[in-house]
Each structure stands twice: as structure tokens, then as C-alpha cells.
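> What follows is a single structure, and I will ask about it in a moment.
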Amino acid sequence: MIPDNRAASGSLFIWMARALREAVWPSKCLVCGSFFQPAMYKNYNLPVKIFNYESILAYNKKSAFHKLMLPFLCSACSTDFVPAESPFCCICGITFKSRIGDDHVCGECIKSPKKFRMARAVGVYEGTLMKTIQRLKYKGKIQLARPLGMLLFFAFIKYWNNKNRIDLIVPVPLHIKRFRKRGFNQAYLLIREWFSYADAFNVKLSYLKIERNALIKNKQTEPQTGLDRKQRRANIKNAFSIGNASKITGESILLIDDVYTTGATADECARVLINEGAKSVDVLTLARGM
Ligand SMILES: [Zn+2]
Ligand SMILES: [Zn+2]
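Residue numbers 1255 to 1544, in the working numbering, belong to the letters of the sequence shown in order.
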């Protein structure tokens, strides 16, 4: 237990009650299932102390992932994370094998130009990031949406705020049947608390709107897993329509999703949004399949 926890968790009584609870019911890592001694800042006071605007801009994704995941994961799992860092494709964000040199446009983006302007991600879709996304989506561990959403918020600050103007944030929707079955849209859960994070970190986001129903998924598609690039494109074609065109006309949109694999979903959403009058579409995901 680190001494700072005491101040972060309020009164001595609360601290003692928590310490007792942890002793009787130790936390179980949400990824590997092992018991561990969690860092007790579940109320997120501590991250505000750790991060400020300057440190977010210069943030080290690996250490931010580790710190934000500490209450939920054992330390072995919280360090198993690969950030999506430069050099990457300036358009689709794929990281290049060679870790030296500048960002440039990849062969795939030259061959088939994208409808969106740029896509960025927090980390590579592997290890703990992949497992936490799967726990969130398929096991209903929605408590993971807070730290993952904060990591996504930090990436937004790094790649967009004060640099690339965004008016409207749109989560990639689920088909109504899948939404009812799952009970939530993970993409929306990831951005739901951005305005409270903005307040906590003193970031001005008042110019930004979140529009949950800008896009509608009207076709129940097969899971994209196991399909190649061409099949994914065919599978997702015409799967989305616009909820309310007046909300997106002339807007610079940031599309949010949990994972970017081949970009078929992001590109199809961007195509529909631009056809219906959006000014531009950018994409931010938690993870990037490589
Ligand atoms: Zn673990
Ligand atoms: Zn590319």
C-alpha cells in the first residue's frame, strides 16, 4: 500500500474500512484472475494528482496505462501493454516495423485511399489491452470503461485538442439487437465521462458535442473476426445510415470505436457521414490491430 492512498481516499475511517475489506476480500485481477493488492484510488482522485495538462501532452502511454489500470489489474498484467507510437502511417495510424524514421503514408493507404482524414489509437491490439477490451465487451466489466476512457481522452488531447479542430464526437453504433443483448455500447461508454475528465484536468472542451445517434447501424453484420480485408469491406457495406443529417452537416467529426483492425468499419462510417454533409471525419480507437 502506498502512503498517498490515505490522503486520496478521504478520512482515516474510510481508509481503514477499505484496508479491512482488501484484507478480507483481496481484489482479483480482471485479466488473469490472480489475487493482488490494488492501489486504492478507485474514485480517481489520484490520477488527477498524477496527470496535469502538460503531463498529458507529453504522456508516456505505457506508464499511463500502468497507473490507470493499477486498481483493476495485477502489476504483471498492467505492464503488458504496447503503445501505438510514431513512426506510423499519417493516415491510418498503422505503426511501422522499423522504429526509426518519420511518419509517412503506408502502401495500403496509397493503394486504397481512405474516406477519413486520420486514425489514431492508444495501443496495439494485443496483450492486456486486447484482454481488457474483451472483458469490457463480452464479460460486462464496465468498470474498465473509466480507465480505458481516460486513456482515450489523453490520446484525444495529444492528437487533436488545439491542433485538429473537432466539433462533434460520434461513437460507432451497434445494431439495436446487439445493443439490447449487450446492454451498452462500449464506444459510448469510453467517451461518456470525457467532460468530467476535462473539468478535472482543466481542459476546455466546451466547444465539443457528443452525438450518440448521429449514426445508426441498420444491418446486423457477421462478426468481422476471421474475415479478410475484402470480406470485411463487403460485410460492412451499407450497414450504417444517418440518424439526423442536420446534426452532422458541416461538422468536423471524430469517430470513436474500441478497435481498428482493417479500417473497414471506420471507412464505411466516414463514407456515410461525408456523403450526408459532414465536413471531415477522423478516427480514434483504443486499440489498433497490426
Ligand atoms: Zn493479472
Ligand atoms: Zn495507412
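Built from N, CA and C at the ideal position, the CB exists for glycine as well.
Identify every run of the alpha helix (DSSP H) within the stretch 1428-1491, keeping only runs that are complete inside it and at least 4 residues long; order them along the chain.
Counting whole runs of 4 or more residues, the stretch 1428-1491 contains the alpha helix (DSSP H) stretches 1430-1436, 1440-1445, 1448-1454 and 1483-1490.
> Looking at the structure shown, is K1282 part of a helix, part of a strand, or coil, going by DSSP?
In the structure shown, K1282 sits in a strand (DSSP, three-state: E or B).
> Hey, would you say the C-beta of S1450 is under 7 Å away from at least one heavy atom of ligand 1?
The answer is no for S1450.
> Tell me, to the nearest whole angstrom, how far the beta carbon of P1530 is from that of I1502; I am working on the premise that it is less than 8 Å.
In the sequence under discussion, the amino acid at residue 1530 is Glu, which differs from the Pro named in the question. At roughly 6 Å, the Cβ-Cβ gap stays under 8 Å, so E1530 and I1502 are in contact.
> For the alpha helix (DSSP H) containing L1361, name the first residue and the last one.
Sequence inspection shows Gly at residue 1361; the Leu mentioned does not correspond to that position. That run of the alpha helix (DSSP H) goes G1361 to K1365.
> Are the CB atoms of N1489 and E1476 within a distance shorter than 8 Å?
In contact: E1476 and N1489 (Cβ atoms closer than 8 Å).
> Compute the beta-carbon to beta-carbon distance between A1541 and V1424, rounded to the nearest angstrom, for a pair I have assumed lies under 8 Å.
Not a contact, Cβ separation roughly 19 Å.
> In whole angstroms, what is the alpha-carbon distance linking D1536 and L1266?
The alpha-carbon atoms of D1536 and L1266 are separated by roughly 46 Å.
> Name the one or two DSSP bridge partners that R1542 has.
Answer is V1378 and Y1514.
> Helix, strand or coil for I1256? Go by DSSP, reduced to three states.
In this prediction, I1256 has a pLDDT of 38, which is less than 50 and means its spatial position is unreliable; what the coordinates show is noted afterwards. I1256 falls in the coil class under three-state DSSP.
> Quick check: what's the CA-CA separation for V1302 versus I1445?
Rounded to whole angstroms, V1302 to I1445 spans 17 Å at the Cα level.
> Does the distance from the C-beta atom of V1405 to that of Q1440 stay below 8 Å?
According to the sequence displayed, residue 1405 carries Leu and not Val. No.
> Rounded to the nearest angstrom, how far is the Cβ of I1345 from that of V1336, given a contact under 8 Å?
Not really, about 21 Å apart at Cβ, beyond 8 Å.
> Assign N1415 to buried or exposed, taking buried as 16 or more other Cβ atoms, counted over all protein chains shown, within 10 Å of its Cβ.
Under this definition N1415 is a buried residue.
> To the nearest angstrom, how far is it from the Cα of S1366 to the Cα of K1393?
If you take the alpha carbons of S1366 and K1393, they lie about 36 Å apart.
> The alpha helix (DSSP H) that contains L1405, what's its start and end?
First-last of the alpha helix (DSSP H) with L1405: A1399 to Y1413.
> Between which residues of its own chain and F1350 is the CB-CB distance below 7 Å, once the five residues before and five after are set aside?
Excluding residues within five positions, the ones whose Cβ falls inside 7 Å are P1341 and F1342.
> With a CB to CB cut of under 7 Å and the five nearest residues on each side skipped, what residues in its chain are close to R1487?
Hits under 7 Å: A1518.
> Could you tell me the boundaries of the alpha helix (DSSP H) in which L1311 lies?
Residues Y1307 to L1311.
> Please report the straight-line C-alpha distance between D1482 and L1327, rounded to a whole angstrom.
Spanning the two alpha carbons is a distance of roughly 33 Å.
> What residue range is occupied by the uninterrupted alpha helix (DSSP H) comprising F1494?
Looking at the DSSP string, F1494 is not in any alpha helix (DSSP H); the run it does join, the beta strand (DSSP E), is F1494 to I1496.
> Does the beta carbon of V1537 fall short of 7 Å from some heavy atom of ligand 2?
Every heavy atom of ligand 2 is 7 Å or more from the Cβ of V1537, so no.
> Rounding to the nearest angstrom, what Cα-Cα distance links Y1514 and G1497 in this structure?
Computed Cα separation, rounded: 23 Å.
> Using DSSP bridges, identify the partner residues of L1508.
DSSP lists I1423 and D1536 as partners of L1508.
> Determine the closest residue to Y1307 out of I1411, K1395 and R1371, with distance taken between C-alpha atoms.
Of the listed residues, the one whose Cα sits closest to Y1307 is I1411.
> Would you please state the rounded distance, in angstroms, between the beta carbons of E1447 and G1403? I believe it to be under 8 Å.
Indeed, because the Cβ distance is near 6 Å, the residues count as touching under 8 Å.
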